[in-house]
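Trainee: Structure incoming, see below.
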Amino acid sequence: MRYAQGGGLTDAQRAAGERVRLDAVARFEAGDRNQVIAATLRVSERSVERWRRQWREGGAAGVAWKGSPGRPRLSDVQVARLERELERGPLAHGWADQRWTLARVKKLIGRLFHISYTVEGAWRLLKRHGWSWQQPARRATERDDDAVELWKKEVWPRVRAPRRPPRRRRPAPRPGCWATTGARPGIPRRPP
Numbered sequence: 071m072r073y074a075q076g077g078g079l080t081d082a083q084r085a086a087g088e089r090v091r092l093d094a095v096a097r098f099e100a101g102d103r104n105q106v107i108a109a110t111l112r113v114s115e116r117s118v119e120r121w122r123r124q125w126r127e128g129g130a131a132g133v134a135w136k137g138s139p140g141r142p143r144l145s146d147v148q149v150a151r152l153e154r155e156l157e158r159g160p161l162a163h164g165w166a167d168q169r170w171t172l173a174r175v176k177k178l179i180g181r182l183f184h185i186s187y188t189v190e191g192a193w194r195l196l197k198r199h200g201w202s203w204q205q206p207a208r209r210a211t212e213r214d215d216d217a218v219e220l221w222k223k224e225v226w227p228r229v230r231a232p233r234r235p236p237r238r239r240r241p242a243p244r245p246g247c248w249a250t251t252g253a254r255p256g257i258p259r260r261p262p
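First residue of the sequence shown? That's 71 in the working numbering, and the numbers climb one at a time after it.
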C-alpha cells in the first residue's frame, strides 16, 4: 500500500506526535534522562536518543516533523525529463537494442540525476507515472513454430532434470502389532 504524503497519519495523529516531541524538548531543557523521558512519554528510548541528538544539532526546530520518509525522490520536473529521455529510446543512451529493462532505467536515473534507485524502486516510479511493461506486438518473422513444438516434445524432456523417485516409507505399525525392529531382523520384540 502506498501512503499519502503524511506517511499514513491523520492531521490529528501528526499533531499528537508533534506535541510528544515538543514535550520531550521541554524535558531535555529541564535535564531529564532519556530513560525517564521515554517511560513518561511512552516512547522508545531510541526515539528519545534520536530526538535529543536532533535537538542538540538544531534546537526545537530540529525535532519538528519533517514529513514522510517515503516521499518521491524525483521532482515533477525530473520525472518529465526522465520520460523524455525514455521516449528517445535505449539506443540514444548507448545500449545496443531497443529494450528498456528496469536495470537500464535504474542506471539512466543514476546518470541523469545522480540518485540511486533500486530496480524495484524504478519499477514503482514508472508504474506511478503510468508506464507499464510491454510485450512485442507480433512474433518474430524468423520464428518456426514447428521447430519449437518439436523441441518441446523431444529435446526438453531430456534436458529437464529428472525427478527423484519418492522416498519409500515404512508403513506405521498397526495398534496391537509387534514391531520388528532390533538387532536381528525378523525376530519380533515384545511390547512393553
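Backbone N, C-alpha and C define an ideal beta-carbon position, used for all residues, glycine too. Only a predicted model underlies this, so the values are computations on that prediction, with no experimental measurement involved.
Since residue 125 and residue 118 are thought to touch, with beta carbons under 8 Å apart, how far apart are those beta carbons, to the nearest angstrom?
Mentor: One-based indexing of the sequence shown puts residue 125 at position 55. One-based indexing of the sequence shown puts residue 118 at position 48. Residue 125 to residue 118, Cβ: 10 Å. No contact.
Trainee: DSSP state of residue 204, grouped into three classes?
Mentor: Reading the sequence shown from its first residue, position 134 is the one you call residue 204. Three-state DSSP puts residue 204 in coil, outside helix and strand.
Trainee: Buried or exposed: where does residue 83 fall if 16 or more other Cβ atoms within 10 Å of its Cβ makes it buried?
Mentor: By 1-based counting over the sequence shown, the position of residue 83 is 13. Exposed, by the Cβ-count rule.
Trainee: If you run the structure through DSSP and keep just helix, strand and coil, what is residue 225?
Mentor: Within the sequence shown, the letter at position 155 stands for residue 225. It is helical.
Trainee: Counting C-beta neighbours from all protein chains within 10 Å, is the total for residue 135 16 or more, i.e. buried, or is it exposed?
Mentor: Your numbering for residue 135 matches position 65 in the sequence shown. With fewer than 16 Cβ atoms within 10 Å of its Cβ, residue 135 is classed as exposed.
Trainee: Between the beta-carbon of residue 156 and the beta-carbon of residue 165, is there less than 9 Å?
Mentor: Here residue 156 refers to the residue found at position 86 when the sequence shown is read from its first residue. Here residue 165 refers to the residue found at position 95 when the sequence shown is read from its first residue. Cβ atoms of residue 156 and residue 165: not closer than 9 Å.
Trainee: Going by beta-carbon coordinates alone, are residue 144 and residue 183 separated by less than 9 Å?
Mentor: By one-based count along the sequence shown, residue 144 stands at place 74. By one-based count along the sequence shown, residue 183 stands at place 113. In contact: residue 144 and residue 183 (Cβ atoms closer than 9 Å).
Trainee: Can you give the beta carbon distance from residue 94 to residue 111, rounded, assuming they're within the 8 Å contact cut?
Mentor: Here residue 94 refers to the residue found at position 24 of the sequence shown. Here residue 111 refers to the residue found at position 41 of the sequence shown. The Cβ separation is near 6 Å, so the contact holds.
Trainee: Quick check: the Cα distance between residue 187 and residue 199, rounded to an integer number of angstroms?
Mentor: Numbered from 1 along the sequence shown, position 117 holds the residue referred to as residue 187. Numbered from 1 along the sequence shown, position 129 holds the residue referred to as residue 199. Each residue's alpha carbon lies about 16 Å from the other.
Trainee: Alpha carbon to alpha carbon, how far is residue 104 from residue 161? Give it in angstroms, no decimals.
Mentor: Numbered from its first residue, the sequence shown carries residue 161 at position 91. Numbered from its first residue, the sequence shown carries residue 104 at position 34. One C-alpha to the other measures close to 57 Å.
Trainee: Could you check what DSSP says for residue 89 in three-state terms: helix, strand or coil?
Mentor: Start at 1 with the first residue of the sequence shown, and residue 89 comes out as number 19. Residue 89 falls in the helix class under three-state DSSP.
Trainee: Residue 136 by DSSP, collapsed to three states: which one?
Mentor: As a position in the sequence shown, residue 136 is number 66, starting the count at 1. Correct three-state label for residue 136: coil.
Trainee: How long is the line joining the alpha carbons of residue 122 and residue 163, rounded to whole angstroms?
Mentor: Within the sequence shown, the letter at position 52 stands for residue 122. Within the sequence shown, the letter at position 93 stands for residue 163. Whole-angstrom Cα-Cα distance: 47 Å.
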